[in-house]
């Protein structure tokens, strides 16, 4: 069956994918009408059933969701439309997060590594020195058991999810004081003798369909665990620009965040300067450790994790130090 190549079927997939929790039939019908596509409920149900029979959709709790096959088909059909999609995910989480640096309460953007359940103790042992290092966004983590639904991420049978705080928390902290960070690049930063040496690669967020940091990890460019053990290797950094008029406010908020165990800033640069050779132009710029570094060793050491980057918002009170997780 090739119905999913038809425009109408594609719009059904696109419509359902835009809801993180799935849609009921009447909700799909309403959304399609807003796109100028009018289906009777009967016709729509028939098309949904056909897509389900092909393993492209599945129904659960009265809502329709895309299967992995459905996501793959939609992604392949909309690849050019999805340029800059990861930046949109970041903006979505900015709107939803309730984190407050001053009270240390609220929900924080979280990345999750889903691994085999029998490997969780070994994984946490590896991650403990990573989370307590200078390349980590925080020293906190959370473990989710099989069957749990974490925001919109479901932990499958025989699996566990290890969650760490995303460096996107910096964007949230700054937004709370009225400073807007513009997402610029993900950078691959070389470490020599346990110190930052220089950027060797850059990926512009606007030109990718997935997390640039994830691209570095999947491509085998990172060696985060070697940086922790030997002081030599490559880690991922996040690079943002912002108004130079907010330079003092950003510096003060960074100091407060780091004093409270949140974030690791590498450099803050005024306009008409540069960071590791990147000209700032008329904007100020900040470079900080990317949160994906915290989970990268699991990929580097062969745990074969499913990495879900910035896909959940979790109450910060649920996080603990690794030594307290049991």
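Numbering (the numbering used here), first residue to last: 88 to 413.
Using N, Cα and C, we set each Cβ at its ideal position, and we do this for glycine too.
In chain order, each beta strand (DSSP E) run of at least 3 residues that lies wholly inside the region 296–334
With a minimum length of 3 residues, the continuous beta strand (DSSP E) runs that stay inside the region 296–334 are 320–329.
Excluding sequence positions up to five away, which residues of its chain have a Cβ less than 8 Å from the Cβ of residue 338?
355
Straight-line Cα distance separating residue 105 from residue 137:
20 Å
Distance, residue 206 Cα to residue 92 Cα:
Residue confidence is low: residue 92 scores 46 on pLDDT, short of 50, so the model does not pin down where it sits. No coordinate-derived value is stated.
Quick check: the region 197–215 against the region 248–266, are at least 3 beta-carbon pairs closer than 8 Å?
yes
Pull the bridge partners of residue 282 from the DSSP assignment, please.
In the DSSP assignment, residue 282 forms a beta bridge with 279.
Sorted by chain position, which residues of the same chain lie with C-beta nearer than 8 Å to residue 367's C-beta, five sequence neighbours on each side aside?
328, 356, 357, 358, 359, 360 and 361
Checking the sheet assignment: what are the DSSP bridge partners for residue 372?
Looking at the DSSP assignment, residue 372 forms a beta bridge with 328 and 356.
CA-CA distance, residue 214 and residue 180?
Taking the straight line joining both Cα atoms gives about 25 Å.
For residue 250, which residues does DSSP report across the bridge?
199 and 229
Which runs of the alpha helix (DSSP H) fall wholly inside the region 116–154 and span at least 4 residues, in chain order?
The qualifying runs are 128–140.
What separation, rounded to the nearest whole angstrom, lies between the Cα atoms of residue 192 and residue 268?
22 Å
Measuring alpha carbon to alpha carbon, tell me which of 255, 318 and 363 ends up nearest residue 197.
255
What are the boundary residues of the beta strand (DSSP E) that includes residue 393?
393–402
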